[in-house]
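Our numbering numbers the first residue of the sequence shown as 135 and each following residue consecutively.
For each residue, glycine too, the CB sits at the ideal point set by N, CA and C.
What you are looking at is a predicted structure, and each value in this text was computed from that prediction instead of being measured.
Worksheet for the structure shown next.
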Amino acid sequence: MAGGENNLLKDCVGVDAIRHSGVRITTQIYIAHTMPFSGVNRLDGVSLLRCGSDKHGAYNGAIQVEAHGHPVESIEIADCNIFASPYAAIQIYNKIDERGQGGLEMSCVITDCTVTGAALSGLHIGPDTPGHVEVNNTQFSSCMLGDVQNDSDSAKLIINP
């Protein structure tokens, strides 16, 4: 999902994504640089098994939400199941480029998801990632570095049981 308006990825399965994330939500498009999101952009009923990877020394979560050049707003992740991620299950971060540009707002709501097994965290918010992440009724188990890892001083994280 690379920018656009009112995107929906629904009821699908990803297995063994070995070069990147199982699902990547980003404003970065390689042919047109960057493109903003508008409206509500949603993952609904997505299941991922062994998704996520290491790419040139940087890891990619099974679900990766990345701001690059534009804010990433109105992202909803609902009823998703992530199993055995070799890195973080859900990764949210702000990409700072070689010119030091970035620092863009993120807005993401995660609801009714299940994470079973991650070699890193169940949810990782990267450094220098401003914005808002809300987690509702989401279950984490067997995450090697803990359920939630917030490395950002400026991200507001709300966790509701």
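Run of the beta strand (DSSP E) containing residue i, from where it starts to where it stops
i: F258; result: Here residue 258 turns out to be His, not Phe, going by the sequence shown. Its beta strand (DSSP E) spans residues L257 to I259.
i: A289; result: A289 to N294
Straight-line gap, residue i to residue j (C-alpha atoms, nearest Å)
i: Y221; j: V269; result: 19 Å
i: G256; j: H204; result: 25 Å
i: L254; j: P261; result: 15 Å
i: I157; j: S172; result: Reading off the sequence shown, one finds Val at residue 157, where the question assumed Ile. Those two C-alpha atoms are separated by around 18 Å.
i: N294; j: G265; result: 17 Å
Cβ neighbours of residue i in the same chain (closer than 7 Å, five flanking residues each side left out)
i: I152; result: S187
Rounded distance between the beta-carbons of residue j and residue i, thought under 8 Å
i: E200; j: E239; result: With 8 Å as the limit, E200 and E239 do not qualify as a contact, their Cβ atoms being about 13 Å apart.
i: G195; j: A218; result: About 13 Å; that fails the 8 Å criterion.
i: I159; j: N175; result: 7 Å
i: C247; j: T272; result: 4 Å
Residues sharing a beta bridge with residue i, DSSP
i: D188; result: Y193
i: N268; result: The sequence shown places Glu at residue 268, rather than the Asn named in the question. Paired residue(s): V243 and I292.
i: G207; result: In the sequence under discussion, the amino acid at residue 207 is Glu, which differs from the Gly named in the question. None; E207 has no bridge partner.
i: S172; result: E139
Contacts around residue i, its chain only, beta-carbon distance under 6 Å, and the 5 residues preceding and following it disregarded
i: N284; result: I259 and L291
i: V149; result: L183
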